[in-house]
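Down below is the structure, laid out as structure tokens.
Numbering (my numbering), first residue to last: -7 to 163.
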């Protein structure tokens, strides 16, 4: 029985103390500070994490003291901001970008997916490209209309009336 207890204690102490995943929340005391919670792969809190771990917050290195899987960032958040959290352990580097929204005395962290940082600019470029093409087509149509208007007597009211008549015939 004593050997079993000894083996159980040895295996409990042999579990590695590393953070492979984390989430950022507002500190429970709502003192404008953020809390980092260590998570396992199933997004469940790791209460066995205790000790000091090195995190980079927006490029500034900080030693965070974890107790039962939770560490509190010492600097309070003064206004809404973006914060990039990065932690490097023996196996890999875990990094996450958060937008911290401050309203009155309440903080709401929103995690930003890194893929959005690629997709949003690509969508803006696509819209600009399509608009540019639309603008070119619009200019060509305007030039054709101006040509027919000035040289052939075509008027915008005639075009609008023709379109309305075509729509009436469809109904």
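By construction, the Cβ of each residue, glycine as well, lies at the ideal position given by its N, Cα and C atoms. This structure is a prediction, so every number in the text was calculated from the model and none was measured.
Backbone secondary structure at residue i - three-state DSSP
| i | result |
| --- | --- |
| residue 161 | helix |
| residue 112 | helix |
| residue 16 | strand |
| residue 6 | Reliability fails at residue 6, whose pLDDT of 49 lies under 50, so the model's placement of it is uncertain and the value that follows must be treated cautiously. Looking at residue 6 - three-state DSSP - the assignment turns out to be helix. |
| residue 107 | coil |
| residue 38 | coil |
| residue 129 | helix |
| residue 11 | coil |
| residue 75 | strand |
| residue 65 | coil |
Nearest candidate by alpha-carbon position, reference residue i, set the options
| i | options | result |
| --- | --- | --- |
| residue 104 | 76, 68 and 19 | 76 |
| residue 15 | 110, 113, 157 and 64 | 64 |
| residue 101 | 11, 13, 19 and 12 | 19 |
| residue 92 | 84, 110, 78 and 68 | 68 |
| residue 78 | 55, 98, 48 and 62 | 48 |
| residue 95 | 127, 140, 22 and 34 | 22 |
| residue 31 | 44, 24 and 10 | 10 |
| residue 80 | 111, 13 and 114 | 13 |
| residue 38 | 157, 54 and 60 | 60 |
| residue 17 | 54, 90, 111 and 84 | 90 |
Rounded separation between residue i and residue j - CA only
| i | j | result |
| --- | --- | --- |
| residue 86 | residue 70 | 25 Å |
| residue 140 | residue 88 | 59 Å |
| residue 161 | residue 119 | 35 Å |
| residue 43 | residue 125 | 58 Å |
| residue 122 | residue 130 | 12 Å |
| residue 109 | residue 134 | 37 Å |
| residue 6 | residue 54 | Its pLDDT being 49, under 50, residue 6 is placed unreliably by the model, and the measurement read from it follows with that caveat. Looking at the two C-alpha atoms, the distance is approximately 26 Å. |
| residue 113 | residue 106 | 12 Å |
Sub-8 Å separation of residue i and residue j beta-carbons
| i | j | result |
| --- | --- | --- |
| residue 45 | residue 56 | yes |
| residue 62 | residue 34 | no |
| residue 99 | residue 24 | yes |
| residue 41 | residue 52 | no |
The ligand MG heavy atom lying under 7 Å from the CB of residue i
| i | result |
| --- | --- |
| residue 96 | Absence of the ligand MG is noted for the structure shown, with no ligands found whatsoever. |
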